[in-house]
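Novice: Before we start, here is the structure in question, set down as structure tokens.
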Amino acid sequence: MRPCPCRGLKLALSMNMNLGNGNERRYGAWLRELDAWTEYWDIYHPESRGRYYFGDGHEEQGLLTRFLPRERKPPVFLAWRQAALGGDSVDRFVEQVRVAEVAEAVLEVDALVERLFGKYFGDPAAFATRADYLEALFRCGTDTLPPDDERYALIADTDWRKSTSGRNMIDSDIMWFCWAMHTEAAQVLRGAEGQARRALQLAGVAVGCSANFAWRGHRRTRAEYKPDEETADLLRERGLVWAADFSAAAHEVHALFRIREWGRA
């Protein structure tokens, strides 16, 4: 049995709380910069021509188009879905991940995520970093990060992104699982290289998704999760266990996906 991480968790969280708004600003900046390369590329990184998103609507098709659903559902996403639901073995997913154009896109996006993670969080193997990152994803899931007034002001009232542009959160429930799918795909391709970060980020999906569904009611989640402090502490504790074990984190994300789809794991 793994030792309970509660004592270390409380210490790490007390350190975070002592930093006050500095942590909130950093968490928001992490999500803001991810969005700056993806959803809001046209405003912050027009030189990318939507490469880290679904393209620019012209010549650039975009890396996400190769493995995430939008106008169509790529075979690799369907294979992940079937594996998560228990309908197919993971072998089909691995086969699709290794298709050359998919692998290239997954690795390029993972490199961006790795760079930004290092900028805002540091060593993913450190206990304090794990607690810190999980808190960021919990705050993202519960929509309790400071508003992004600057970005909101830049988005035209007629832009479909306007309603969510002032918040640092994941508003579409399926995007939690898209993030997980990409993380699992990168793990297939890179193995031990960067595994500590990917395990932590997958644990962050499990924490953030659960918090989002419990607090904001977007979808069904585990019956024991309620929008209260007891659940917040439980998710932080469980998150630390998942962050130390990639397979355990993936197993939990798949269970959450089944609950989303079927109402049961």
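Number 1411 in the numbering used here belongs to position 263 of the sequence shown; there are no gaps in the numbering.
Glycine residues also receive a C-beta, built at the ideal position from the N, C-alpha and C atoms.
Quick caveat, the model's predicted, so the values are computed rather than measured.
1) Just to confirm the assignment, what range does the alpha helix (DSSP H) spanning K1267 have?
2) Hey, which unbroken runs of the alpha helix (DSSP H) at 4 residues or more fall wholly within the stretch 1293-1362?
3) Please state if the CB of P1375 and the CB of A1354 are separated by a distance shorter than 8 angstroms.
4) Below 8 angstroms on the Cβ atoms is my contact criterion, and I expect E1262 with R1199 to pass it. Report the Cβ-Cβ distance as a whole number of Å.
5) Taking all protein chains shown into account, decide if H1206 is buried (16 or more other Cβ within 10 angstroms of its Cβ) or exposed.
6) Determine, using beta carbons only, whether D1291 comes closer than 8 angstroms to chain B.
7) Which residues in the same chain have their Cβ closer than 7 angstroms to the Cβ of Y1281, if we skip the five residues on either side of it in sequence?
8) Alpha carbon to alpha carbon, how far is R1368 from R1408? Give it in angstroms, no decimals.
9) Classify D1296: buried if its beta carbon has 16 or more other beta carbons within 10 angstroms, exposed otherwise.
10) Quick one: residues in its chain with C-beta nearer than 6 angstroms to the C-beta of A1160, no 5 flanking neighbours on either side, listed in chain order?
11) Suppose the cutoff is 8 angstroms on Cβ atoms and the five residues either side in sequence are ignored; what does the same chain contact list for D1236 look like?
12) Using C-beta distances below 7 angstroms, list every residue in its chain close to R1218, excluding the 5 sequence neighbours before and after it, in chain order.
Specialist: Based on what the coordinates show:
1) To locate residue 1267, count along the sequence shown from 1; it is residue 119. Start and end: 1248-1268.
2) Complete alpha helix (DSSP H) runs here, min 4: 1297-1302, 1321-1338.
3) Looking up residue 1354 in the sequence shown gives position 206. Looking up residue 1375 in the sequence shown gives position 227. Their beta carbons are not under 8 angstroms apart, which means A1354 does not touch P1375 by this criterion.
4) Looking up residue 1262 in the sequence shown gives position 114. Looking up residue 1199 in the sequence shown gives position 51. Rounded to the nearest angstrom, the Cβ distance from E1262 to R1199 is 16 angstroms, too far for a contact under 8 angstroms.
5) For the purposes of this step, residue 1206 is taken as residue 58 along the sequence shown, with counting starting at 1. Exposed, by the Cβ-count rule.
6) Absent here is chain B; the protein component of the structure consists of one chain.
7) Mapped onto the sequence shown, residue 1281 falls at position 133. Same-chain partners within the cutoff: F1269, L1348, G1352.
8) As a first step, residue 1408 is located in the sequence shown; it is residue number 260 there, counting from the start. As a first step, residue 1368 is located in the sequence shown; it is residue number 220 there, counting from the start. If I take the Cα positions, the gap works out to 5 angstroms.
9) Residue 1296 sits at position 148 when you count from the first residue of the sequence shown. With 16 or more Cβ atoms within 10 Å of its Cβ, D1296 is classed as buried.
10) Residue 1160 sits at position 12 when you count from the first residue of the sequence shown. Residue placement at A1160 cannot be trusted, given a pLDDT of 45 that sits under 50; the coordinates are not used to answer.
11) By one-based count along the sequence shown, residue 1236 stands at place 88. In the same chain as D1236, and ignoring 5 residues on each side of it, the C-beta atoms closer than 8 angstroms to its own belong to A1227, Q1230, in chain order.
12) As a working mapping, residue 1218 is identified with position 70 in the sequence shown. Around R1218: F1202.
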